[in-house]
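Step one of this worksheet: look at the structure below.
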Amino acid sequence: MSIAENLERVRGRIATACAKCGRNVDEVELVAVTKTHPAERVREAIDAGQTLFGENKVQEARAKIPELPSSARWHFIGHLQKNKVRHALPLFELIHSVDSLDLAAAISRIADENGYRPRVLLEVNVAGEGSKFGFKPETLRAQFEELLALPRLVIEGLMTIPPLAEEPESSRKFFVQLRELRQQLQSTGGSDLPQLSMGMSDDFTVAIEEGATLVRVGTAIFGKRTPLRQRIAASGGLDD
Ligand SMILES: *Cc1c(COP(=O)(O)O)cnc(C)c1O
4 MSIAENLERV RGRIATACAK CGRNVDEVEL VAVTKTHPAE RVREAIDAGQ
54 TLFGENKVQE ARAKIPELPS SARWHFIGHL QKNKVRHALP LFELIHSVDS
104 LDLAAAISRI ADENGYRPRV LLEVNVAGEG SKFGFKPETL RAQFEELLAL
154 PRLVIEGLMT IPPLAEEPES SRKFFVQLRE LRQQLQSTGG SDLPQLSMGM
204 SDDFTVAIEE GATLVRVGTA IFGKRTPLRQ RIAASGGLDD
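For the sequence shown, my numbering begins at 4 and goes up steadily by one.
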């Protein structure tokens, strides 16, 4: 299957999921996740009409993005280290993964120095998994006013990565929890949070049924990612 065919199939499944739950297909944007895939592969997706892409490492994005047409738009979806914020701000139009008050404050401060107004989503660890980044729902409720008060951030919504599961249906309750948390925050904070970033290759149709406005899809478009170890071996060593 070519990238163009995969993209067409994913777009078809998005349209079917929207039709099934009575949503307009324009309400859901596809973020094609290009992490680990080289610029040539991304270019194939651009040639097939895809314009929005996601990367999860600043280092990799800094190398790849300049190789591609400036018409491509980029979202950051990975854990952002504070010392990478300065490099991330000019590259990405939306950061999906603000996962602590500390990081949010750092982004706001650095944006202020550089004249940016970064659009961000707050990442929520809805299942409370110990190994995962993200606000716990109760922490987010407690810190939401402080987050809203950060002068430079434009907080547009929430993002989540549910626990790994065999069945797409297993993710549904976590997507519902994210949507309900959004509702609570909107009514207490009086702010509008239009974006819900949820759903990946295995469960994006379920996420759309539960209100996703951004789905982050990698494998279903670009195929399986080569594990880092094999890439290191193939390239003859570590380069970052
Ligand atoms: C890699 C990644 C995705 C895409 O995952 P697939 O299962 O390959 O679709 C989505 N979101 C985040 C945060 C990721 O890191």
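Just so it is clear, CB atoms sit at the ideal spot from N, CA and C, and this is done for glycine as well.
Contact set for residue i: own chain, Cβ-Cβ below 7 Å, skip 5 residues either direction
{"i": "Glu213", "result": "Arg175, Phe178, Val179 and Arg182"}
{"i": "Asn117", "result": "Leu92"}
{"i": "Lys87", "result": "Val61"}
{"i": "Gly131", "result": "Lys139"}
{"i": "Pro166", "result": "Ala130 and Glu132"}
Per-residue DSSP class, three states only, for residue i
{"i": "Gly160", "result": "strand"}
{"i": "Val218", "result": "strand"}
{"i": "Glu96", "result": "coil"}
{"i": "Val127", "result": "strand"}
{"i": "Phe138", "result": "strand"}
{"i": "Arg112", "result": "helix"}
{"i": "Arg120", "result": "coil"}
Same chain, Cβ closer than 8 Å to residue i, five either side skipped, listed in chain order
{"i": "Ile6", "result": "Arg44, Glu47, Ala48, Ala51, Ile224 and Phe225"}
{"i": "Thr54", "result": "Ser74, Ala75 and Arg76"}
{"i": "Met216", "result": "According to the sequence as given, residue 216 is Thr; it is not Met. So the qualifying residues of the chain are Glu30, Val31, Glu32, Gly160, Pro197, Gln198, Leu199 and Ser200."}
{"i": "His90", "result": "Val61 and Arg65"}
{"i": "Gly192", "result": "Phe147, Glu148 and Leu151"}
{"i": "Cys24", "result": "Ile211 and Glu212"}
{"i": "Glu11", "result": "Ala51"}
{"i": "Asp242", "result": "Note that Asp242 scores a pLDDT of 45, beneath 50, so its modelled location is shaky and nothing firm can be said."}
{"i": "Cys21", "result": "Asn27, Val28, Glu30, Val31 and Ile211"}
{"i": "Ser194", "result": "Leu151, Ile158 and Leu188"}
{"i": "Leu71", "result": "Ala42, Val45, Arg46 and Ile49"}
Cβ distance (whole Å) where residue i is taken to contact residue j below 8 Å
{"i": "Leu106", "j": "Leu124", "result": "That belief does not hold up - the Cβ atoms of Leu106 and Leu124 are roughly 12 Å apart, past 8 Å."}
{"i": "Gln189", "j": "Leu196", "result": "5 Å"}
{"i": "Leu94", "j": "Ile68", "result": "6 Å"}
{"i": "Gly15", "j": "Val34", "result": "So it is not a contact: roughly 17 Å between Cβ atoms."}
{"i": "Val157", "j": "Glu126", "result": "Not really, about 16 Å apart at Cβ, beyond 8 Å."}
{"i": "Leu143", "j": "Ala108", "result": "Not really, about 15 Å apart at Cβ, beyond 8 Å."}
{"i": "Arg155", "j": "Asp115", "result": "5 Å"}
Other residues of its chain near residue i: CB distance less than 6 Å, five sequence neighbours each side excluded
{"i": "Val129", "result": "Thr163, Phe177, Gln180 and Leu181"}
{"i": "Ile17", "result": "Val31"}
{"i": "Thr39", "result": "Arg228"}
{"i": "Glu96", "result": "Arg76"}
{"i": "Thr19", "result": "none"}
{"i": "Glu169", "result": "none"}
{"i": "Ser103", "result": "none"}
{"i": "Tyr119", "result": "Leu92"}
{"i": "Phe136", "result": "His82 and Asp102"}
{"i": "Thr222", "result": "Ser204"}
With a floor of 3 residues, list each beta strand (DSSP E) that falls wholly inside the stretch 143 to 212, ordered by position along the chain.
157 to 162 and 198 to 200
Where in the stretch 6 to 80 do unbroken runs of the beta strand (DSSP E), each at least 3 residues long, occur, reported from the N-terminal end onward?
32 to 36, 55 to 58 and 76 to 79
Could you name the residues, in chain order, whose CB is less than 5 Å away from a heavy atom belonging to ligand 1?
Val36, Asn59, Ile80, Met203, Ser204, Arg219, Val220, Gly221 and Thr222
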